[in-house]
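The next block holds one structure in the form of structure tokens; read it before the comments.
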Ligand code: SF4
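In our numbering, the protein residues as written are 633 to 1307.
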């Protein structure tokens, strides 16, 4: 731990990290003279084991940095200029109330669009009094689909989001497949468990277009083309079915739809899938053989494979593998996915059902702001997210945010790319300045985080501000909680005693089925018949070409390179993107660079018909030819022309779940003369 620097006694306060990361670390924060001095891991949570990522270690730079919002403010310059004058909370909230009421009487409440995502996964910060406000006022609803929508749809349809294998059980596996996931950058606490499994003799397969740190030590690394995971998974299914490795007894007793899946997998020979994925047939065959013959065998389905036109079907095919291969019923076997639903927490505290109002897919924000007219979006209320940097079709979003007749509220911790377009800015507390419930989605952990320091400036919590807005609009009764502390107690009271009581005592609760359940021993599918639904009819109707189908690559001669935007070790989604960083670089394979006459550190232009990004080139054979990569979550200030990778991404939707197709961006790259 660094030496305290302010002088005087220092205290260490325990809390938990609720940010959008699978791990939900327990934290020890050193505080001196009311300021955070260091942030470190604590041993309260045995899975996160006393260490944390480098990102949150520097969270004090967000708390006290120059971008921190400290006071409410009202725009005084042009939209996007970022010039504001300080206002009182009363003035700012009254203005918001008036504009909401005005929009409702002129165009109906659906002309108000609340817009939020996972700036915090805490139970207090999202889907709480905010939901109360939007539901009771009757605003448009937001389909929160920018991430995890296709995998979530697949997991729900197949298994009813059954709890999945947790990190602690990885060392029991004899084979681990990491599919579309790079825990070295996101979810770092998984890495030592994978290493431990390898030490005990487990084989490791990594399926990722990049040679990630874990791919370097893998027994097989399939560097597949973007968007081809579904073909690879179906080829493994076909191998299992045609070579007598499908578990007929399991499928008979515990699954429906195996025949339909087998039929859809039939065209996918190893050779055909390998050709489309751009891998050696022998390597794909090796993966299929290893999977067929290993037990316990574990598939970790990540989020990298969902971000394309085939993402839902890819997740479905990957998650179906343990059912067909008969890999359940043993510790270390089965699948591992989001465990966010494992606590089965019913948010009864919201108290108002969802109204039947317009649903806006969050990936269509640009379209909603520039094209929707029934009714148009007149009020946009953004919190817990930064869509100007992170959501597809950046140029159209910015055009929408520039509309003079749009009233935009941004409730944020720092001056984001979206906040500069606000009409009213509201300063928000960070997780170190308030209470929240941190829910992991890798391990099955739930913890109560508490304020370690007072709020900076006049920042207020989501619960306090949405409670006051409800109150000002006459939407709350006196009996209902209207602020953070009341709400925290209300949630504790409403949680089942087996969860609420340990949290009150400062301990971690254990779910009724154990913190490390074995699938099909301790937990079963949460589907109505408790079976795996391998061919859900509703999804077959939803997918443009039906289930387990492959839509071809959208690349063209003009834009032949696939642009991917994987998570980095600098931001949590886009949180902390305001901090200074080395130049953002486009990563490109040496063959692609040579074909374009490009050299390391060249200034390049990455472009397509939607926009362009100017940045430095990093030539690296760790990425497969035909694919280039920009980091996820960068802010506009991080590139030379203030455009991020989302400027190159169309707002097309995934085959299932209405997700974002980030990895379907096809681009060209050229040198940009520095002159
Ligand atoms: S972001 Fe993840 S790894 Fe980092 S402190 Fe939070 S939970 Fe832990």
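We put the beta carbon where it would ideally sit given N, CA and C, even for glycine.
For clarity, every value in this text was computed on a predicted model and none was experimentally measured.
Same chain, Cβ closer than 6 Å to residue 1234, neighbours up to 5 away in sequence not counted | Within the chain shown, the letter at position 602 stands for residue 1234. So the qualifying residues of the chain are 1249, 1303.
Regarding residue 839 and the ligand SF4, is the C-beta to nearest heavy atom distance less than 6 Å?
-> One-based indexing of the chain shown puts residue 839 at position 207. For the ligand SF4, not one heavy atom lies less than 6 Å from the Cβ of residue 839.
For the candidate residues 1280, 1185, 1047, 1202, whose alpha-carbon lies nearest to that of residue 713?
-> Position 81 of the chain shown, counted from the first residue, corresponds to residue 713. It is 1047.
By Cβ distance, which residues of its chain are closer than 6 Å to residue 857, with the 5 residues on each side in sequence left out?
-> Taking the chain shown and counting its residues from 1, the one referred to as residue 857 is at position 225. The residues are 909, 910.
Assign residue 1290 to one of two classes, buried (16 or more other C-beta atoms within 10 Å of its C-beta) or exposed (fewer than that).
-> One-based indexing of the chain shown puts residue 1290 at position 658. Counting Cβ neighbours within 10 Å, residue 1290 comes out buried, since at least 16 surround it.
Can you tell me which of 1111, 798, 861 puts its alpha carbon nearest to the alpha carbon of residue 1355?
-> Outside the displayed range of the chain (633 to 1307) lies residue 1355, so it cannot be described from this structure.
In terms of alpha-carbon separation, which member of 964, 970, 1224, 1076 lies closest to residue 947?
-> Position 315 of the chain shown, counting from 1, holds the residue named residue 947. Ranking the options by Cα distance to residue 947, first place goes to 970.
Using a Cβ-Cβ cut-off of 7 Å (strictly less than) and excluding sequence neighbours within five positions of residue 668, which residues of its own chain qualify?
-> Taking the chain shown and counting its residues from 1, one reaches residue 668 at position 36. Excluding sequence neighbours, residue 668 sits near 661, 692, 695, 1064, 1084, 1085.
Distance, residue 657 Cα to residue 1193 Cα = Sequence index remark: in the chain shown, residue 1193 carries index 561 (1-based). Sequence index remark: in the chain shown, residue 657 carries index 25 (1-based). C-alpha separation (whole angstroms): 37 Å.
How many Å lie between residue 1256 and residue 1016 at the Cα?
-> One-based indexing of the chain shown puts residue 1256 at position 624. One-based indexing of the chain shown puts residue 1016 at position 384. Residue 1256 and residue 1016: Cα-Cα distance of roughly 34 Å.
In three-state terms, what does DSSP make of residue 1101?
-> The residue you call residue 1101 lines up with position 469 of the chain shown. It is helical.
Nonlocal neighbours in the same chain, by C-beta distance under 8 Å from residue 633, ignoring five residues either side | The residue labelled residue 633 in the question sits at position 1 within the chain shown. With a pLDDT of 44 at residue 633, under the threshold of 50, the predicted position of this residue should be treated as unreliable, and no value is reported.
Taking buried to mean at least 16 other C-beta atoms within 10 Å of its own C-beta, is residue 1212 buried or exposed?
-> Working through the chain shown from its first residue, we reach residue 1212 at position 580. Burial call: exposed.
In the structure shown, what three-state DSSP assignment does residue 990 receive?
-> Sequence index remark: in the chain shown, residue 990 carries index 358 (1-based). Three-state result, residue 990: coil.
For residue 651, is the beta carbon positioned less than 6 Å from some heavy atom of the ligand SF4?
-> In the chain shown, the residue the question calls residue 651 occupies position 19. Answer for residue 651: yes, Cβ within range of the ligand SF4.
Report yes if the CB atom of residue 1058 is closer than 7 Å to the CB atom of residue 1039, and no otherwise.
-> The residue given as residue 1058 occupies position 426 in the chain shown. The residue given as residue 1039 occupies position 407 in the chain shown. Not a contact, by the Cβ cut-off of 7 Å.
Opening and closing residue of the alpha helix (DSSP H) in which residue 827 lies = Position 195 of the chain shown, counted from the start, is the residue given in the question as residue 827. Per DSSP, residue 827 belongs to the alpha helix (DSSP H) from 823-831.
If we ignore side chains and look at the alpha-carbon of each, how far apart do residue 1112 and residue 981 end up?
-> The sequence position of residue 1112 within the chain shown is 480, counting from 1. The sequence position of residue 981 within the chain shown is 349, counting from 1. In a straight line, the C-alpha of residue 1112 is about 9 Å away from that of residue 981.
Residue 801 to residue 746 span [Cα, whole Å] | Counting from one through the chain shown, the residue named residue 801 turns up at place 169. Counting from one through the chain shown, the residue named residue 746 turns up at place 114. Between residue 801 and residue 746, the C-alpha separation is close to 40 Å.
How is the beta strand (DSSP E) around residue 662 delimited, first residue to last?
-> For the purposes of this step, residue 662 is identified with residue 30 of the chain shown, where counting begins at 1. Residues 658-664.
Indicate the three-state DSSP secondary structure (helix, strand or coil) for residue 672 in the structure shown.
-> Residue 672 sits at position 40 when you count from the first residue of the chain shown. The answer is strand: DSSP assigns residue 672 an E or B state.
Does the ligand SF4 have even one heavy atom less than 6 Å from the beta-carbon of residue 915?
-> The sequence position of residue 915 within the chain shown is 283, counting from 1. No; taking the cut-off as 6 Å, the Cβ of residue 915 has no heavy atom of the ligand SF4 nearer than that.
Can you tell me the Cβ-Cβ gap for residue 852 and residue 915, rounded? I've got them flagged as a contact below 8 Å.
-> On the chain shown, residue 852 is found 220 positions in, with the first residue counted as 1. On the chain shown, residue 915 is found 283 positions in, with the first residue counted as 1. With 8 Å as the limit, residue 852 and residue 915 qualify as a contact, their Cβ atoms being about 6 Å apart.
Proximity to residue 1232 [Cα-Cα], best of 1240, 690, 1271, 1220 = Counting from 1 along the chain shown, the entry for residue 1232 is found at position 600. Among 1240, 690, 1271, 1220, the Cα nearest to that of residue 1232 is on 1220.
Ordered along the chain, which non-local residues of its own chain (more than five positions away) have a Cβ less than 8 Å from that of residue 650?
-> Counting from one through the chain shown, the residue named residue 650 turns up at place 18. Closer than 8 Å at Cβ, skipping near neighbours: 656, 752, 753, 754, 757, 1063, 1068, 1069, 1070, 1071, 1081.
Residues near residue 1310 by beta carbon distance below 7 Å, same chain, minus five either side | What is shown of the chain runs 633 to 1307, which leaves residue 1310 out entirely.
Near residue 1277, which residues of its chain fall below 6 Å by C-beta distance, leaving aside the five closest residues on each side in sequence?
-> For the purposes of this step, residue 1277 is taken as the residue at position 645 of the chain shown. Only 1197, 1262 meet the Cβ criterion.
Close-in-space but distant-in-sequence residues of the same chain around residue 685 (CB under 6 Å, 5 per side omitted) | Indexing the chain shown from 1 puts residue 685 at position 53. Within the same chain, residue 685 has close Cβ partners 820.
Give every residue of the same chain whose Cβ lies closer than 7 Å to the Cβ of residue 719, excluding the five residues on either side of it in the sequence, and list them in chain order.
-> In the chain shown, residue 719 corresponds to position 87, counting from 1. Same-chain partners within the cutoff: 704, 705, 706.
Could you name the residues that DSSP lists as bridge partners for residue 1195?
-> Position 563 of the chain shown, counting from 1, holds the residue named residue 1195. BP columns for residue 1195 point to 1260, 1297.
Per-residue burial, residue 772 [other beta carbons within 10 Å of its own, 16 or more giving buried] | The residue given as residue 772 occupies position 140 in the chain shown. So residue 772 counts as buried.
Compute the Euclidean distance between the alpha carbons of residue 640 and residue 674, then round it to the nearest angstrom.
-> The residue given as residue 640 occupies position 8 in the chain shown. The residue given as residue 674 occupies position 42 in the chain shown. Near 23 Å, if we compare the C-alpha coordinates of residue 674 and residue 640.
Looking at residue 960 and residue 1151, is the spacing between their C-beta atoms short of 7 Å?
-> Indexing the chain shown from 1 puts residue 1151 at position 519. Indexing the chain shown from 1 puts residue 960 at position 328. Cβ atoms of residue 1151 and residue 960: closer than 7 Å.
Length of the line joining the Cα atoms of residue 1121 and residue 1131 | The residue you call residue 1121 lines up with position 489 of the chain shown. The residue you call residue 1131 lines up with position 499 of the chain shown. One C-alpha to the other measures close to 13 Å.
If you check the beta carbons only, do residue 1287 and residue 945 fall under 7 Å apart?
-> Within the chain shown, numbered from 1, the residue matching residue 1287 stands at position 655. Within the chain shown, numbered from 1, the residue matching residue 945 stands at position 313. Yes. Within cutoff.
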